[in-house]
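Mapping to UniProt numbering: the sequence shown position 310 is 310, numbers consecutive.
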Amino acid sequence: MLPIYKSRRKARRFLFYSLLVLGFLLIWCTLTIAILFLQDTEKSRNFTDDELNANNYSPLPGWGEGGRPVKLSKEEELLADESFMINQFNLYASDRISINRSIPDIRKQSCREKKYPDLHRITAPSSLPTTSIIIVYHNEAYSSLLRTITSIISRSPHKVLQEIILVDDFSTRTFLKYPNLDESLKHLPVTVKIIRANERVGLIRARMMGAQQASKELLILSISITYCLKSMINGDEATGDVLTFLDSHCECTTGWLEPLLARIKENRKNVVCPVIDVINDHTFQYQKGIELFRGGFNWNMQFRWYSMPSHMAKFKLQNPTNPIESPTMAGGLFSIDRKYFEELGAYDPGMDIWGGENLEISFRVLNANLLRVAEVWMDDWKYLFYKVAPREFLLSFRFFFFFF
């Protein structure tokens with residue numbers, strides 16, 4: 001009986017210490033979460049109208065140049081933390097970086113050697129289609145928005161840059177309203193149009209405002225969802241052969257536009273996305289993105305990045321200028337033939353604010369919601385989707401891509 005007694009005592013002791021460790025871990029996790037919550041609460045304080053409407057853009061020489069990280073003193077870090085929640089990035093640093101800052105050309109040699117000589121000859125017609133660049137914003141920081149616009153103009157061939165269309169989704173910031181922003185843009189060497197919504201319409205409908213004129217068909221569709229886009233567009237529409245959608249806080253690099261347009265010239269039904277590099281949200285350091293990924297989606301119909309299959313990675317490594325096919329796109333940055341976009345039916349104007357539009361346009365040819373996608377494409381596996389997707393999610397969206 002003695003050996004059994006000892007083994008039971010050891011078991012009880014093991015159980016006691018295990019519970020003690022688990023209890024300690026639970027307390028530690030709870031305290032950590034509480035501390036993080038308190039920190040976030042402090043950061044997310046209510047800002048005054050004067051603080052929100054202040055345009056504090058005041059660039060300092062050398063800050064962020066060459067894509068290098070900004071280094072702040074302890075006092076400056078406190079100021080940066082305080083204003084971080086306004087735009088979810090280091091606004092203090094952004095306001096001290098020039099809107100025309102330099103960033104490195106990190107392209108591979110084969111990409112740099114790819115030339116489009118006719119774009120730089122004044123008398124020669126362009127071999128590439130023209131593009132209208134559409135940027136939607138809502139209460140974007142002045143410095144980041146102007147940096148986006150300036151990078152487009154300074155690093156794009158003007159022969160193909162037809163115009164930049166800014167769509168203000170009912171911003172409340174004073175520095176974004178007329179005439180403040182308009183005065184900042186009127187001397188630019190490229191046509192810049194500003195369309196202002198008279199109510200909050202969300203990313204999808206705001207993009208449509210920049211891409212389409214108010215046709216009879218669009219007006220009827222708009223009325224059915226209690227939005228009248230015709231009253232918002234005021235006759236402004238994209239006139240470029242290609243629509244290029246960009247986020248309002250990005251920086252275009254050297255040679256970013258030509259490959260996108262070249263792929264669409266090869267086939268007007270190509271929808272082309274660039275490789276997305278990274279700008280650190282705290283230091284504004286420019287960081288090279290990962291190229292060997294393509295877009296996909298999980299069983300919840302949420303966009304995800306996935307590694308390329310080996311044959312596709314080999315194809316890309318053989319020649320970095322080779323584009324790769326992707327079933328879906330991230331949605332923030334892409335180019336599409338304007339007429340083809342219209343043929344697809346553009347975006348679904350019934351989608352609110354943002355989210356899901358990337359999958360929606362990816363699978364536009366089906367012209368159905370996620371239930372339709374599951375029924376058509378998933379066959380015997382659709383039950384997995386129905387198990388993991390909430391019912392309200394199934395009806396939230398309607399339902400091919402080229403990554404370069």
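Ideal Cβ placement from N, Cα and C applies to all residues, glycine included.
Since we're looking at a predicted model, the values are computed, not measured.
Output needed for residue i: all residues of its chain with C-beta closer than 6 Å, excluding positions within five of it in sequence on either side, in chain order.
i    : result
I106 : K288
R196 : D168
L384 : W299
Let me check understanding here. Comparing Cα to Cα, which of the options lies closest to residue i?
i    : options                : result
D118 : S127, C111, S110       : S127
E65  : I164, S154, Q285, Y92  : Q285
Y306 : E325, N319, F341       : E325
T131 : R112, K108, R294, L243 : L243
I290 : G345, D277, N298       : D277
L166 : S144, F175, P179, K193 : K193
N55  : L246, E82, L181        : L181
T172 : N322, F297, E51        : E51
Contact defined as beta carbons within less than 8 Å: I believe residue i pairs with residue j. What is the distance between those atoms, to the nearest angstrom?
i    : j    : result
P274 : L333 : 6 Å
P59  : R96  : 6 Å
T150 : I86  : About 21 Å; that fails the 8 Å criterion.
F303 : A330 : 6 Å
Is DSSP giving residue i helix, strand or coil here?
i    : result
D247 : coil
D95  : coil
G345 : coil
Y137 : strand
E183 : helix
E51  : helix
Q109 : helix
D168 : strand
I149 : helix
R207 : helix
S132 : strand
I103 : coil
L161 : strand
K115 : coil
K177 : coil
K74  : helix
R68  : coil
H120 : helix
R12  : helix
Report all residues from its chain with a CB closer than 8 Å to the CB of residue i; omit the five preceding and five following residues, and keep chain order.
i    : result
Y116 : S127, L128, P157, E258, A262
I153 : L161, I164, L188, P189, V190
A93  : W63, G64, V70, L72, A80, H282, T283, F284
Less than 7 Å between C-beta atoms, sequence neighbours within five positions excluded: which residues of the same chain meet that for residue i?
i    : result
E199 : F170
R294 : Y306, M308, I324, S326, F403
From the beta carbon of residue i, is the nearest beta carbon of chain C less than 8 Å away?
i   : result
L91 : This model lacks chain C altogether; it includes just one protein chain.
- Task: List in chain order: all unbroken alpha helix (DSSP H) runs of 4+ residues lying wholly within the UniProt domain "Glycosyltransferase 2-like" (237 to 341).
- Result: Counting whole runs of 4 or more residues, the UniProt domain "Glycosyltransferase 2-like" (237 to 341) contains the alpha helix (DSSP H) stretches 258 to 266, 310 to 318.
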